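Trainee: Attaching a single structure in structure tokens format; questions to follow.
Number of protein chains: 2
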Amino acid sequence: MSNIDPAGTVMERIEALARISEEPGRLTRTFCSPAMRQANDLVGSWMREAGMTVSEDAIGNLIGRYPGRDERAKTFLLGSHLDTVRDAGKFDGPLGVITAIACVQQLHQNQVQLPFAIEVIGFADEEGVRYQTTYLGSKALAGTFNEQDLKRVDSRGVSMAEAIKSFGGDPGKINSAKRDPHNLLGYAEVHIEQGPVLEKKYQPVGVVSAIAGQTRIKVRFTGRAGHAGTTPMNLRQDALTAAAEFITAVESSARAQAGLVATVGQIEAKPGASNVIPGEVNLTLDVRHQLDAMRTAAVERLQNLANQIGEKRGLTMDWEIVHEAQSVPCSRELSDMLAKGARQHLMEVTELPSGAGHDAAVMGDITPVAMLFVRCKGGISHHPDESVEVDDVRVAIEVMNGFLLSLGNQKHPSPSKKNV
Amino acid sequence: MSNIDPAGTVMERIEALARISEEPGRLTRTFCSPAMRQANDLVGSWMREAGMTVSEDAIGNLIGRYPGRDERAKTFLLGSHLDTVRDAGKFDGPLGVITAIACVQQLHQNQVQLPFAIEVIGFADEEGVRYQTTYLGSKALAGTFNEQDLKRVDSRGVSMAEAIKSFGGDPGKINSAKRDPHNLLGYAEVHIEQGPVLEKKYQPVGVVSAIAGQTRIKVRFTGRAGHAGTTPMNLRQDALTAAAEFITAVESSARAQAGLVATVGQIEAKPGASNVIPGEVNLTLDVRHQLDAMRTAAVERLQNLANQIGEKRGLTMDWEIVHEAQSVPCSRELSDMLAKGARQHLMEVTELPSGAGHDAAVMGDITPVAMLFVRCKGGISHHPDESVEVDDVRVAIEVMNGFLLSLGNQKHPSPSKKNV
Chain A
185 MSNIDPAGTV MERIEALARI SEEPGRLTRT FCSPAMRQAN DLVGSWMREA
235 GMTVSEDAIG NLIGRYPGRD ERAKTFLLGS HLDTVRDAGK FDGPLGVITA
285 IACVQQLHQN QVQLPFAIEV IGFADEEGVR YQTTYLGSKA LAGTFNEQDL
335 KRVDSRGVSM AEAIKSFGGD PGKINSAKRD PHNLLGYAEV HIEQGPVLEK
385 KYQPVGVVSA IAGQTRIKVR FTGRAGHAGT TPMNLRQDAL TAAAEFITAV
435 ESSARAQAGL VATVGQIEAK PGASNVIPGE VNLTLDVRHQ LDAMRTAAVE
485 RLQNLANQIG EKRGLTMDWE IVHEAQSVPC SRELSDMLAK GARQHLMEVT
535 ELPSGAGHDA AVMGDITPVA MLFVRCKGGI SHHPDESVEV DDVRVAIEVM
585 NGFLLSLGNQ KHPSPSKKNV
Chain G
185 MSNIDPAGTV MERIEALARI SEEPGRLTRT FCSPAMRQAN DLVGSWMREA
235 GMTVSEDAIG NLIGRYPGRD ERAKTFLLGS HLDTVRDAGK FDGPLGVITA
285 IACVQQLHQN QVQLPFAIEV IGFADEEGVR YQTTYLGSKA LAGTFNEQDL
335 KRVDSRGVSM AEAIKSFGGD PGKINSAKRD PHNLLGYAEV HIEQGPVLEK
385 KYQPVGVVSA IAGQTRIKVR FTGRAGHAGT TPMNLRQDAL TAAAEFITAV
435 ESSARAQAGL VATVGQIEAK PGASNVIPGE VNLTLDVRHQ LDAMRTAAVE
485 RLQNLANQIG EKRGLTMDWE IVHEAQSVPC SRELSDMLAK GARQHLMEVT
535 ELPSGAGHDA AVMGDITPVA MLFVRCKGGI SHHPDESVEV DDVRVAIEVM
585 NGFLLSLGNQ KHPSPSKKNV
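Chains A and G, in that order, give the protein sequences.
Just so we're on the same page, this note's numbering is the position in the first sequence counted from 1, plus 184.
Just so we're on the same page, this note's numbering is the position in the second sequence counted from 1, plus 184.
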């Protein structure tokens, strides 16, 4: 294997993994499915080939351990998830697991042991397709798994507890998967960007500054339905024109503030007939920023805007925050080490926030985290067209190799937690 | 009956008709249904009571004829429709038929015969609920009925031809219902306004200037879907923000032009997830004006606007006109006569276009038409809350009585067709 391009191997393995699906003709691999069983077995075999001992924890996370020089030393975690969305792309998740294995394989081939152990984790669930809940795998490690979730049932009536059991896990002992923060040095994850920034900047990889916080809001404008032909413009209480004014204001407001993204993704106008003025409009608003203070200020500003639009037009406006997640800053120390490695390959290293959630956001609860994004084609993700270039994967592997060696050369390899 | 308030009688009869429904608990009366059979029979009995001879034509229109002084004289038509939408209000349609009967009843009681015959028509279908086609009744009279429609089937698989037959009509002889324009003096219809204008002006009735023309357009903006978290604002091709900009522009544009109404009633954003930037938006646009030139100019202006918005944002815009109906002007002569009658009761008579379609629009093909709108509560129509005051009905009856007498006093009762 030593003469083969590791990036080429990573691409081949990602292709091989992509053939393991629970749906014919498209890639779908959900938590504790037979496809996940096959995936864990295959990836486990690659881990063994890279000199790792392989195990699975109580929730089905696949763990490959590469020992350090001192067996009492701490552990550095690498990884990402092996589950996918429905009709998925090949790279979201597997890229991080397979590049991590490639890095360990290189150490193994060169008979290098670092002062600390490395564990590569293939998380059992990040996308949450089967049970409509996310990060099951990393939450088990972080100790934030909600035991109530074990009662959830999938679309065929199978409870999560049953699913874990039939997979070979132990739903009664999810706690045992929890990691002691004192034994951890940190967590680093390679992931496709799932956005267009690196492509636009002609950068193969970028260092993630933070996993952005998010507020999800349900907004409703209530006016009065009316006949589209018989109600003059000045006597209308059109909920859709109010919503339209709000949507354009959301866009302008987000454009005016660096790093802010705000999106209306769903809209429903009632009653929804071509000849009836909409009396009610429901829409979703998704606001993200890597700085929580900026995000909450933006949300407040947008709520005021919606209120003003409603009042001006004689409509009522309802505003319901349905989800809120704090930003998870990446470790400055680990990120600088990644950037230093990247600078060996790039003139300039792009630092960017992750607008999407990742296992790293959960792992941030117990250990310093860092992420390396790999450029993807057209920002496309969660879609069969998801695409990454082999040359970019090569850069990612080299950056991660350099990162691990730098970490090993540190006198005191114990970056403080959340020191951004 | 002579001592009873005719408006009170009209209200009682409208209540009685509203109890004839094909659905329990709500008013639904569709073309050639058993409920329509009952309705025709009941209304026919009131026609007879008012001195009319009663018949049904081949499509099931109910026709009551009150002879003129000279049996060779022409005929003036009054009427509206007896069918309803699903879960309808009581007044849309029946108000016009029942007030017309009240007018004839008054002539009959006073033993007055006019120089011309009057026919009161209860059209069998205006709303088109059962066969998704409108104005079946008036089209039969106007000679514009499409024989192909006889093959249409309702939701239970019953063809229109079968329905007409079982109702007692003759689908093979729809042509026989056609009226000779030379024998007609005109058509006048009383109808609830279905809009808020008269209520806002504190006017019980108003004279209709024209039945507005209408253009219905399907508009599509196609951009690119993307992750709501990972796609910066400046790299988006958001189809919904484009649509929102268009909707607000439609509103401003319509507000800026007297008599123009433009409505976006349906909107669909795809893929329609809260965390995905919409890549495609489909919406409907409904544009109406009583002057066709104004409407077509407005449609062109809005299409240019949509194009500009699409181009500016790097999106494609599709524009498909799916329906276009010309405006039907009411007869100046007949409308002036209505207005003259109304001036006996009101300081000022409001003339307003009808944004909704009516049987009068079809009858305009063969004879001069006029319409009297009656104020309704809150502009609500096509809804059980549809409401008209008895005092306003009284004004309507008196205006129509005056109108018929003026028409009888004319030396040459032959208003020219479409002389607006």
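C-beta atoms are modelled at their ideal positions from N, C-alpha and C, and glycine is treated no differently.
All figures in this text were calculated on a predicted structure; none of them were measured in a lab.
My assumption, with CB atoms under 8 Å, is that G312/A sits in contact with N245/A. Please give the rounded CB distance.
Mentor: That pair is no contact at about 15 Å.
Trainee: Can you list the residues of chain A that N459/G reaches, using a CB-CB cut of under 9 Å?
Mentor: Near N459/G (Cβ distances below 9 Å), the residues of chain A are Q398, R400, T447, G449, T468, D470 and A540.
Trainee: Counting only runs that start and end within the region 301-353 of chain A, where is the alpha helix (DSSP H) found for 4 or more residues in a row?
Mentor: Segments of the alpha helix (DSSP H) lying fully in the region 301-353 of chain A: 320-326 and 344-351.
Trainee: Relative to the C-alpha of I505/G, which residue among Y250/G, I285/G and E484/G is closest?
Mentor: When only C-alpha atoms are compared, the closest one is E484/G.
Trainee: Tell me which same chain residues have a C-beta within less than 7 Å of the C-beta of G252/G, skipping the five on either side of it?
Mentor: Only Q297, L298, P299, F300 and A301 meet the Cβ criterion.
Trainee: Taking the alpha-carbon positions, what's the A428/A to L486/G distance?
Mentor: Near 16 Å, if we compare the C-alpha coordinates of L486/G and A428/A.
Trainee: Kindly indicate which residue of G494/A, T318/A, L325/A and E196/A has the alpha-carbon position closest to the one of R336/A.
Mentor: R336/A has its Cα closest to that of T318/A, out of G494/A, T318/A, L325/A and E196/A.
Trainee: Can you check which of these residues, W230/A, Y250/A, Q387/A and A412/A, is closest to A457/A by C-alpha distance?
Mentor: Among W230/A, Y250/A, Q387/A and A412/A, the Cα nearest to that of A457/A is on A412/A.
Trainee: Kindly indicate the opening and closing residues of the alpha helix (DSSP H) around D459/G.
Mentor: According to the sequence displayed, residue 459/G carries Asn and not Asp. Element bounds for N459/G: n/a, residue is neither H nor E.
Trainee: Taking DSSP as the reference, what is the three-state secondary structure of Q421/A?
Mentor: Three-state DSSP puts Q421/A in a strand.
Trainee: What first and last residue would you give for the alpha helix (DSSP H) that runs through S141/A?
Mentor: The requested residue 141/A is not part of the displayed model; chain A covers only 185 to 604.
Trainee: For the 8 Å Cβ check, are there 3 or more pairs between the region 571-581 of chain G and the region 188-197 of chain G?
Mentor: Taking 8 Å as the limit for Cβ pairs, the verdict is that the region 188-197 of chain G does touch the region 571-581 of chain G.
Trainee: Which stretch, first to last residue, makes up the beta strand (DSSP E) that contains P537/A?
Mentor: First-last of the beta strand (DSSP E) with P537/A: T534 to S538.
Trainee: Going by DSSP, which residues form a beta bridge with R249/A?
Mentor: Per DSSP, T237/A and E303/A.
Trainee: In the structure shown, what three-state DSSP assignment does I451/A receive?
Mentor: Here I451/A sits in strand by DSSP.
Trainee: Check whether the Cβ of E429/A lies closer than 8 Å to any Cβ atom in chain G.
Mentor: Taking Cβ atoms only, chain G reaches closer than 8 Å to E429/A, which makes this a yes.
Trainee: So I243/A packs on A308/A, CB below 8 Å; how close in whole Å?
Mentor: The Cβ separation is near 6 Å, so the contact holds.
Trainee: Tell me whether the beta-carbon of E535/A lies closer than 8 Å to the beta-carbon of V391/A.
Mentor: Yes, Cβ-Cβ distance for E535/A and V391/A is below 8 Å.
Trainee: Based on the DSSP secondary-structure assignment, which residues constitute the bridge partners of R210/G?
Mentor: R210/G pairs with E207/G.
Trainee: Report the rounded CA-to-CA distance for G410/A versus K274/A, giving the unit in angstroms.
Mentor: Going from the Cα of G410/A to the Cα of K274/A covers about 49 Å.
Trainee: Using the C-alpha atoms, what's the distance from S538/G back to I401/G?
Mentor: So the alpha carbons of these two residues sit roughly 20 Å apart.
Trainee: Going by C-alpha to C-alpha distance, which of E464/A, I348/A and Y371/A sits closest to G263/A?
Mentor: Minimum Cα distance to G263/A is reached at Y371/A.
Trainee: Can you list the beta strand (DSSP E) stretches of 3 or more residues lying completely in the region 366-451 of chain A, in chain order?
Mentor: The qualifying runs are 368-376, 389-395, 397-406 and 445-447.
Trainee: Report all residues from its chain with a CB closer than 6 Å to the CB of W230/G; omit the five preceding and five following residues, and keep chain order.
Mentor: Answer for W230/G: I285, listed in chain order.
Trainee: Measure the alpha-carbon distance for E464/A versus I431/G and round it to whole angstroms.
Mentor: Answer to the nearest angstrom: the Cα atoms are 15 Å apart.
Trainee: Which two residues bound the contiguous beta strand (DSSP E) that contains A509/G?
Mentor: Looking at the DSSP string, the run of the beta strand (DSSP E) that includes A509/G is T500 to A509.
Trainee: Could you name the residues that DSSP lists as bridge partners for A554/A?
Mentor: Paired residue(s): A372/A.
Trainee: For N187/A, which residues in the same chain have their Cβ closer than 6 Å to its Cβ, ignoring the five residues on either side in sequence?
Mentor: A caution first: N187/A carries a pLDDT of 48, below 50, which makes its placement in the model too unreliable to give a value.
Trainee: With a threshold of 8 Å between beta-carbons, can M417/G be considered close to chain A, or not?
Mentor: So yes, M417/G belongs to the interface.
Trainee: List the endpoints of the continuous beta strand (DSSP E) containing F260/A.
Mentor: Per DSSP, F260/A belongs to the beta strand (DSSP E) from T259 to H265.
Trainee: Against chain G, does L424/A count as a neighbour if the rule is that its beta carbon must be under 8 Å from one of theirs?
Mentor: Yes - at least one Cβ of chain G is within 8 Å of the one on L424/A.
Trainee: Just to confirm, is the Cβ distance from M584/G to T283/G under 8 Å?
Mentor: Yes, the Cβ-Cβ distance between M584/G and T283/G is below 8 Å.
Trainee: For the region 376-394 of chain A, list every residue whose C-beta sits within 7 Å of some C-beta in chain G, in sequence order.
Mentor: Those would be E377, Q378, G379, P380, V381 and K384, in chain order.
Trainee: Measuring only the C-alpha atoms, how far is A580/A from E570/A?
Mentor: One C-alpha to the other measures close to 17 Å.
Trainee: Can you list, in chain order, the residues of its chain with a C-beta nearer than 7 Å to that of G618/G? Leave out the 5 residues immediately preceding and following it.
Mentor: Outside the modelled stretch of chain G, which goes from 185 to 604, sits residue 618/G, for which no answer is possible.
Trainee: Let me know if Q510/A comes out buried or exposed under the rule of 16 or more other beta-carbons within 10 Å of its beta-carbon.
Mentor: Per the 10 Å Cβ criterion, exposed.
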